[in-house]
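Asker:
Residue numbers (our numbering): 271 to 348.
(1) Compare the Cα-Cα distances from residue 294 to each of 324, 282, 281, 312 and report the closest residue.
(2) For residue 296, tell me which candidate among 331, 320, 285 has the shortest Cα-Cα distance.
(3) Return the chain-ordered list of same chain residues with a C-beta closer than 6 Å to the C-beta of residue 342, the five sequence neighbours on each side being excluded.
(4) Just curious, the beta strand (DSSP E) that residue 314 is in, first and last residue?
(5) My output table needs one value for residue 342: the three-state DSSP class, helix, strand or coil.
(6) For residue 316 versus residue 327, is the C-beta spacing smaller than 8 Å?
(7) Let me confirm a value: residue 338 is counted as buried when at least 16 other C-beta atoms fall within 10 Å, else exposed. Which label applies?
Spelled out as structure tokens, the structure:
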């Protein structure tokens, strides 16, 4: 087991986030990893994330980075 696999304290943002049309489904896992499906493509993007307040930073397994914010209980990507 690596440090990336070490469970963290539960966070209220953990779980499955789904767009209104159901096309994008992103699961935030308790070990700091995420798994994102797009349409029929399972695990289209996987990587790690960190949460600071209402802000999320993502680094996918290819090195691509993205950010997101939680606003009014909804995740908004940037």
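Backbone N, C-alpha and C fix where the C-beta goes; we use that ideal spot for every residue, glycine too.
Bear in mind that the values here come from a model prediction, so they are computed numbers and not experimental data.
Answerer: Answer, in terms of the structure:
(1) Here the closest residue by C-alpha is 312.
(2) Measuring from the Cα of residue 296, the nearest candidate turns out to be 285.
(3) If we look at residue 342 and ignore the five residues flanking it on each side, it has no Cβ neighbours.
(4) Under the DSSP assignment, residue 314 falls in the beta strand (DSSP E) whose first and last residues are 311-322.
(5) Residue 342: coil per DSSP, three-state reduction.
(6) Going by C-beta atoms, residue 316 is not nearer than 8 Å to residue 327.
(7) With 16 or more other Cβ atoms from the protein chains shown falling within 10 Å of its own Cβ, residue 338 counts as buried.
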